[in-house]
Amino acid sequence: MTDDASDESADQLTKHTHFNSLHAGAHTGEVTADQLKDFDINWVILGHSERRQEFKEDDETVAAKVKLALKNGLSVIACVGETLEQREANQQQKVVTSQLDAIKQSVSDWSRVVIAYEPVWAIGTGKNASAEQAQEMHAAVRQWLSKAVDQQTAQSTRILYGGSVKGSSAGELVGQPDIDGFLVGGASLKPDEFGKIIACTGQRSKL
Numbered sequence: 017m018t019d020d021a022s023d024e025s026a027d028q029l030t031k032h033t034h035f036n037s038l039h040a041g042a043h044t045g046e047v048t049a050d051q052l053k054d055f056d057i058n059w060v061i062l063g064h065s066e067r068r069q070e071f072k073e074d075d076e077t078v079a080a081k082v083k084l085a086l087k088n089g090l091s092v093i094a095c096v097g098e099t100l101e102q103r104e105a106n107q108q109q110k111v112v113t114s115q116l117d118a119i120k121q122s123v124s125d126w127s128r129v130v131i132a133y134e135p136v137w138a139i140g141t142g143k144n145a146s147a148e149q150a151q152e153m154h155a156a157v158r159q160w161l162s163k164a165v166d167q168q169t170a171q172s173t174r175i176l177y178g179g180s181v182k183g184s185s186a187g188e189l190v191g192q193p194d195i196d197g198f199l200v201g202g203a204s205l206k207p208d209e210f211g212k213i214i215a216c217t218g219q220r221s222k223l
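If you read the sequence shown in the working numbering, its first letter stands for residue 17, the second for the next number, and so on.
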């Protein structure tokens with residue numbers, strides 16, 4: 017077996033292993049939907065950039081996990097976003113639309129889905145998306161919902177921003193018309209910083 021073939025096999029094994037982890041059974045180190053429900057955990061985050069990059073989860077895999085999670089009574093925070101290379105090539109809306117198209121096939125009840133836009137290039141890189149850049153992408157997601165699903169779903173679905181949110185930037189971000197809140201990472205481990213973000217979200221009656 018060549019190195020390339022070995023790498024490809026490993027990628028496929030990784031994808032199927034993590035997909036199967038939502039089924040009950042022997043999957044050492046993984047968590048099933050049944051386990052989450054036993055602990056009264058009702059939400060899962062799927063499609064996060066780290067899962068896509070580090071565990072090779074593609075759009076098809078994410079869509080399958082969304083379908084299985086919803087089928088098992090879990091609600092989903094579905095993550096979408098582009099890499100730095102994709103943004104520099106002005107492909108950000110095309111990439112995010114493709115990710116959303118894949119997820120759409122798995123959703124019959126959008127009231128149980130929250131969309132989180134996370135520009136991958138702004139996570140832990142020292143680069144920051146401006147409020148204008150974030151709003152542009154959130155507006156594109158809401159427009160996609162309006163066309164691909166319906167206007168009511170576009171208005172009611174929460175679209176969160178997840179690009180290294182900080183207390184210093186949260187106010188301007190949440191003031192944008194299509195940013196409904198945040199998917200907070202590292203800042204959630206810093207009480208003072210997290211408190212500032214929470215205070216900012218009070219500006220939005222939707223949350």
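Don't be surprised by glycine CBs; every beta carbon is placed ideally from N, CA and C.
Can you give me the Cβ contacts of residue i inside the same chain, cut-off strictly under 7 angstroms, excluding the 5 residues immediately before and after it?
i: residue 158; result: 170, 175, 194
i: residue 213; result: 181, 183, 186, 198, 200, 203
i: residue 134; result: 65, 95, 97, 178, 179, 199
i: residue 155; result: 194
i: residue 76; result: 118
i: residue 108; result: 98, 102, 153
i: residue 61; result: 93, 95
i: residue 27; result: The predicted model places residue 27 with a pLDDT of 46, which falls under 50 and marks its position as unreliable; any figure quoted below should be read in that light. Only 72 meet the Cβ criterion.
If you follow the beta strand (DSSP E) that residue i is in, where does it begin and where does it stop?
i: residue 139; result: Residue 139 -> no beta strand (DSSP E), and no H or E assigned at all.
i: residue 205; result: No beta strand (DSSP E) holds residue 205; DSSP gives it neither H nor E.
i: residue 91; result: 91 to 96
What residues match up with residue i in a beta bridge as DSSP calls it?
i: residue 175; result: 131
i: residue 61; result: 93
i: residue 198; result: 177
Relative to the C-alpha of residue i, which candidate in the options has its C-alpha closest?
i: residue 118; options: 143, 105, 96; result: 96
i: residue 150; options: 112, 122, 125; result: 112
i: residue 51; options: 124, 145, 90, 114; result: 90
i: residue 121; options: 188, 78, 156, 109; result: 78
i: residue 81; options: 153, 140, 48; result: 48
i: residue 54; options: 217, 88, 156, 164; result: 88
i: residue 125; options: 114, 140, 110, 166; result: 166
i: residue 110; options: 172, 160, 192; result: 160
i: residue 127; options: 188, 71, 59; result: 59
i: residue 188; options: 163, 168, 146; result: 146
i: residue 191; options: 104, 217, 129; result: 217
i: residue 63; options: 129, 215, 162; result: 129
Can you tell me where the alpha helix (DSSP H) with residue i in it begins and where it stops?
i: residue 75; result: 75 to 87
i: residue 114; result: 108 to 120
i: residue 190; result: 183 to 190
i: residue 157; result: 147 to 164
i: residue 53; result: 49 to 54
i: residue 46; result: Here residue 46 belongs to no alpha helix (DSSP H), and DSSP marks it neither H nor E.
Going by beta carbon distance, what residues of the same chain come within less than 6 angstroms of residue i, once the five residues before and after it are set aside?
i: residue 132; result: 93, 95, 176, 178, 199
i: residue 25; result: Residue placement at residue 25 is poorly supported in this model, since its pLDDT is 45, which falls under 50; the coordinates still yield a value, given next. Excluding positions up to five away in sequence, the list is empty.
i: residue 209; result: 183, 203
i: residue 56; result: none
i: residue 115; result: 75, 96
i: residue 67; result: 73
Who are the near neighbours of residue i in its chain, counting only those whose CB is closer than 8 angstroms to its CB and skipping five residues on each side?
i: residue 144; result: 138, 179, 180, 185
i: residue 69; result: 136
i: residue 19; result: Its pLDDT being 47, under 50, residue 19 is placed unreliably in this model, and the value from its coordinates should be taken loosely. Nothing meets the Cβ criterion.
i: residue 164; result: 116, 117, 120
i: residue 100; result: 136, 137, 141, 143
Would you check whether the ligand SAH has a heavy atom nearer than 8 angstroms to the C-beta of residue i?
i: residue 96; result: The ligand SAH is not part of the structure shown, which contains no ligands of any sort.
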